[in-house]
């Protein structure tokens, strides 16, 4: 930990902000008079920034310097698995052969389809699933696709109407609730047992003829393995429901346990978490889904199949149709393929080992209450008397990214911390020092060493200004 | 499980780069550090930290052998090298334009690409400002008050637009009207998005490749929540009656949702000027090209629907020094706060593609954008007229103006023609038995003479 950390900040002294907006640097207007189209079919003019290339490069370079990424320092944002992104995968994604148009006939893109097919097989193995669709473009899109598959299965069996509920633990990711609702389900929230895991009695009470599925993360958002997972699976299956696995925390289990072996019928993978593809400031990710053999006929179309050494696209018999206009976030999938090929079995097992060791070591070094355990790749500490959001702002001043805050709500002032396998012992020690410094600070005006000071969220929402058109000239 | 066709040889299969134990080269701790950390935690081995019941433990193998970075690159080069090297004249909603080098150089900067959603805005001003600028560019291009900072692609953005329409329409409605030219894939995604609601998707007939206002009028009724049209259409036709579509939608209380892209919007009628309430489409045309479907869903709408917008919004605020600063805002719409009552389930989006799109758009500037769009109009018009000269070919199929692409009728089996063109190194769309579709932009313009010659030979 350093007391001398400062994030870069640029300020031209002219505009109200730090780095000026593109429009404040140069704004130009182009007429559309030269077009061969009749005037009635064109706009009048376009007003847009017009920086020179050197100005443009400096603008975005400065902006990048006012941004914190995994390559800047520790990024223990719980549930997001901000691990190191191997650089060679960008070179793979930049290969010109990777840039083909999605409407190419399958016979002319056998290379691309080979990668699709292989990645599908890798993921099926890793998840213990029988079939995989790579189409969903993000984790939440995977949830939506997976729940649509479950719905199609129930409809196929004639109880689509009666099974109108999806059960979701209270501490689940917000996307679980939203995805189930988008698929038209009533969401039944399941309170946790005192130990932070699924309450079997509550689950029995919530499960019945109207249950379509239970969505579960394992290890859960507290980092705890659902020890009773086999009993959970029995309860849900005995009621005729399906078990959905949210893959957000799969990094903890790589090579050690597989959702398919635990009784899950359908799952999604977050390849931007588990398989190290860069998060890109918010995306793109990819959210492939895996299913059991029973559910395979309902997967999105098309599926890549190998027939006599050739790859072709086929529509599964009872396919739900499409969840993305093409084949998903191909460039991300390609990077994930490269990552898995690079690590192999031994590397994947080492990943979960070090992810879990790092979380346990870090927890050992910090002086905050961690009410639930034993945890795996992440833990949820309590900031105690301190507001967790305030605690996080203080941590920013020490060159680290803070944990996810105030969630899950089962822990007061939660600091959900996932250091990932990427951090060294020294890095974890500096992270622990940042926790300690944040614990000691009294009322502060943190952060003070970041590009911007504390930002007023309330006025941003009360008086929305969402484009440069909304700013005072 | 089956392995690659080109299995690595022994020399290539070693993990090699710096891990004596065959572990992950991206896990930082050395064996001695691991030992010290285990001691600090108070266990003898990492295995003790896993609280996994015996019955569900996995001790099998995935049969994936690790390989060196060099070996993986070589293998993927070989694998992808199996793709035929074709010059693509393909479009139908996904378009290739030249992407200048600054886009890679800047967007691949570590601080951008290895960051995530800006939950801590004080350390994420750079990406937030870049997204704010991207939103602003869409506001300028669409004339609408609000743009979000991305959806997955055009199809999912259309699905979200339909759900927004169902939420905001004052009278209960049940139908989303789409023109019959809409791509099957796009419509399929839309149908899945509305499948959890009472909405149904209904086609209305078009004439000569564009919306026929009379036919639309007779399909419309008070139960429509949204009317969708594209400009240009998926067949490359420039819509000429959008103003009337806007009027009709308003008359029946439906939202008018327009599909387009940033290049087309630089030249074609402003969506706001024709009465569009929502604009969706593929904004990745400037960011990544076709990339086998990796995309960027554009989403902009009238300010009246601000609280119903799906996805992330970046807003402008002030920091403790009174300086202008940016932050994610109106997050109470989103799933991590509102759960099953959120406007959408989207979390991870396509922010990095939005960054690339903004960089490219800014590098073009207004005259560059308008100039590129003018070229996208002139090129298909020229190539279509050259096609039309070829005996047995008539082009374009649709009267009217074109943008980037056109359909051509051929007096020959279209699939057989496409196969001949493929043998000459060209990819075109086969529309049906006797029609192909050809997309021409700055990316393949230099090969149009060769394509025309190849078509002429194949038709001879």
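Residue numbers (the working numbering), protein chains in the order written: chain U, 3 to 475; chain B, -19 to 440.
Ideal Cβ positions, reconstructed from N, Cα and C, are used throughout, including at glycine.
With its beta carbon less than 8 Å from one in chain B, residue 128 (chain U) belongs to the interface.
The criterion of a C-beta distance shorter than 8 Å is not satisfied by residue 276 (chain B) and residue 293 (chain B). Interface criterion met: the Cβ of residue 330 (chain B) is under 8 Å from a Cβ in chain U. In this structure, the beta-carbon distance from residue 329 (chain B) to residue 68 (chain B) does not fall below 8 Å. Across the structure, residue 243 (chain U) and residue 163 (chain U) are spaced so that their CA atoms are roughly 13 Å apart. Residue 343 (chain U) carries a helical assignment under DSSP once its states are collapsed to helix, strand and coil.
B:297 is the residue among B:297, B:382, B:395 and B:312 whose C-alpha sits nearest the C-alpha of residue 102 (chain B).
Taken atom to atom, the span from the alpha-carbon of residue 392 (chain B) to that of residue 402 (chain B) is near 16 Å. A Cβ-Cβ distance of about 4 Å is found for the pair residue 338 (chain U) and residue 273 (chain U), placing them in contact under the 8 Å criterion. Residue-level contact by beta carbon fails for residue 236 (chain B) and chain U, as no gap is shorter than 8 Å. 30, 31, 32, 34, 36, 37, 38, 39, 43 and 44: these are the residues of the region 27 to 44 of chain U whose beta carbon lies less than 7 Å from some beta carbon of chain B, given in chain order. By the Cβ neighbour-count rule, residue 248 (chain U) is buried, with 16 or more other Cβ atoms within 10 Å of its own. For residue 409 (chain B), the enclosing beta strand (DSSP E) stretches over residues 409 to 412. Here the alpha carbons of residue 199 (chain B) and residue 255 (chain B) stand approximately 19 Å from one another.
In the structure shown, the three-state DSSP call for residue 239 (chain B) is strand. In this structure the region 108 to 120 of chain B does not lie against the region 132 to 139 of chain B, because fewer than three pairs of beta carbons, one per stretch, are closer than 8 Å. Residue nearest to residue 308 (chain U) within the set U:105, U:112 and U:46 is U:112 (criterion: CA-CA distance). For the pair residue 473 (chain U) and residue 126 (chain B), the CB atoms are not nearer than the 8 Å cut-off.
Classified as buried, residue 257 (chain U) has 16 or more neighbouring CB atoms from the shown chains inside 10 Å of its CB.
Taken in chain order, the complete alpha helix (DSSP H) segments of 4 residues or longer contained in the region 359 to 428 of chain U are 390 to 397. At a cut-off of 8 Å between beta-carbon atoms, residue 193 (chain B) makes no contact with chain U. The region 149 to 219 of chain B contains, as complete beta strand (DSSP E) runs of 3+ residues, the segments 155 to 159, 180 to 184 and 204 to 210 (chain order). Look at residue 167 (chain U) here: in three-state DSSP terms it is strand. Relative to the Cα of residue 317 (chain U), the nearest Cα in the group U:51, U:217, U:305 and U:138 belongs to U:305. Rounded to the nearest whole angstrom, the C-alpha separation of residue 15 (chain U) and residue 84 (chain U) is 35 Å. Here residue 23 (chain B) carries a coil assignment [DSSP, helix/strand/coil].
Of all residues in the region 209 to 220 of chain B, only 218 and 220 come within less than 7 Å of chain U when Cβ atoms are compared, listed by chain position. Contact of residue 90 (chain U) with chain B is assigned, a C-beta pair being separated by under 8 Å.
Using a CB distance below 9 Å, the part of the region 57 to 68 of chain U facing chain B consists of 58, 59, 61, 62, 63, 64, 65, 66, 67 and 68, ordered along the chain.
Listed by position along chain B, the residues whose Cβ is nearer than 7 Å to that of residue 237 (chain U) form an empty set, because the closest Cβ is around 16 Å away.
Here residue 189 (chain U) has 168, 170, 179, 182 and 183 as same chain residues with Cβ atoms under 7 Å from its own Cβ, once five neighbours each way along the sequence are excluded. DSSP, reduced to helix, strand and coil, places residue 360 (chain B) within a helical segment of the structure shown. By the criterion of a C-beta distance shorter than 8 Å, residue 324 (chain U) is surrounded in its chain by 137, 302 and 303, once the five residues flanking it on both sides are discounted. For residue 179 (chain U), the three-state secondary structure derived from DSSP is helix.
With distances taken between CA atoms, residue 272 (chain B) lies nearest to U:334 out of U:334, U:290 and U:279.
Residue range 304 to 308 is occupied by the beta strand (DSSP E) that includes residue 307 (chain B), with no alpha helix (DSSP H) assigned at that position.
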